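> Dumping the structure here so I can ask a few things about it.
There are 2 protein chains.
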Amino acid sequence: MSKPRHFASPEDVEQAFYEAVSLGDSDQMILLWAEDEESVCVHPTGVRLNGMQSIRESWRTIFTTSRIRVQAEAVAHWQSSVMAVHHLIEVLFVGDDPSPHGPLHVTHVYVRGAHGWRLVSRHASAADDSHQAMADSVPHTLH
Amino acid sequence: MSKPRHFASPEDVEQAFYEAVSLGDSDQMILLWAEDEESVCVHPTGVRLNGMQSIRESWRTIFTTSRIRVQAEAVAHWQSSVMAVHHLIEVLFVGDDPSPHGPLHVTHVYVRGAHGWRLVSRHASAADDSHQAMADSVPHTLH
């Protein structure tokens with residue numbers, strides 16, 4: 001496994017997250033999570049994982065069975081010197097299926113530690129069927 | 144409407160949130176949200192509301208139609224001097240129905256401003272049917 005990267009901003013971690021998903025790279029995926037036993041990952045299925053090991057195994061299983069590409073759009077964000085929260089809307093493309101899955105509401109929580117920024121929590125859940133959430137999201141670039 | 148209260152900690156806001164729900168008090172509910180156009184509230188139905196006005200109207204409608212009591216259990220939390228995130232599991236009791244609804248995964252985001260701590264984001268979604276999420280949550284007191 002490669003050495004942990006230094007992420008200079010929450011945006012860097014987020015970009016690495018979506019790269020890891022599109023590459024199906026569970027090693028890169030796990031490097032961007034904080035080594036925190038409290039780390040939380042809630043999948044859109046309603047399954048919640050706690051801690052690095054469970055989260056790593058879960059993504060490994062997902063990447064083994066599916067190839068996923070994500071279109072993410074920023075909805076809102078809050079940031080302090082050591083902590084950041086991004087709220088996003090995601091649309092998923094699975095395998096060669098051209099029709100989008102989702103949308104999903106996503107809350108990402110980032111914390112800055114000794115080795116830069118890391119993800120400590122991802123909460124993803126299905127948006128309502130009407131897709132209104134997508135329509136009325138205000139697109140804006142993060143920084 | 145009463146004057147905004149000063150909340151000395153994220154825990155104070157959270158307690159006021161659950162009080163407001165159990166009282167069905169939409170005035171108290173809205174006072175604990177930050178006056179931030181980016182404020183986000185995702186209901187377990189998958190509907191997302193943005194900004195104070197939409198959030199206020201939504202809770203007013205909920206309180207008009209249902210009487211809700213919530214049992215919340217802390218799963219994980221992260222805190223800095225001006226920002227805090229609480230991840231919780233909620234079980235809902237609606238009206239006189241003794242059977243619990245949920246559980247829900249909940250991510251609360253708090254920000255400290257000129258008038259103390261306020262809620263800026265609530266993301267709630269249904270946990271998986273197996274209720275495993277409830278069983279393996281690690282109960283611990285906040286702090």
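Residue numbers (the numbering used here), protein chains in the order written: chain A, 1 to 143; chain B, 144 to 286. Ideal Cβ placement from N, Cα and C applies to all residues, glycine included. These numbers were taken from a predicted model, which means no experiment stands behind them.
(1) Since B/V252 and B/S264 are thought to touch, with beta carbons under 8 Å apart, how far apart are those beta carbons, to the nearest angstrom?
(2) If contact means a Cβ-Cβ distance below 7 Å, which residues of the stretch 214-246 of chain B contact chain A?
(3) For A/G95, tell me which candidate among A/H105, A/S9, A/T64 has the shortest Cα-Cα distance.
(4) Should A/E35 be flagged as near chain B, meaning a C-beta pair shorter than 7 Å?
(5) Less than 8 Å between the CB atoms is what I'm expecting for B/H266 and A/H105, so what's the real figure, rounded?
(6) If B/V225 sits next to A/S80, beta carbons under 8 Å apart, how far is it from one beta carbon to the other, in whole angstroms?
(7) Under 7 Å Cβ-Cβ, which residues of chain B neighbour A/D128?
(8) Assign B/H149 to one of three DSSP states: helix, strand, or coil.
(9) Measuring only between beta-carbons, confirm whether B/H248 sits less than 7 Å from chain A.
(10) Is the beta carbon of B/V213 closer than 7 Å to that of A/H87?
(11) What residue does the beta strand (DSSP E) around A/T45 start on, and which one ends it?
(12) Please state whether the Cβ-Cβ distance between A/I68 and A/V13 is less than 7 Å.
A quick look at the data gives this:
(1) 4 Å
(2) V218, A219, W221, S223, V225, M226, V228, H230
(3) The option with the nearest alpha carbon to A/G95 is A/T64.
(4) no
(5) Confirmed, about 6 Å.
(6) 5 Å
(7) For the C-beta of A/D128, the chain B residues within less than 7 Å are, from N- to C-terminus, T188, G189, V190.
(8) coil
(9) Output row for B/H248: interface = yes.
(10) no
(11) Element bounds for A/T45: n/a, residue is neither H nor E.
(12) no
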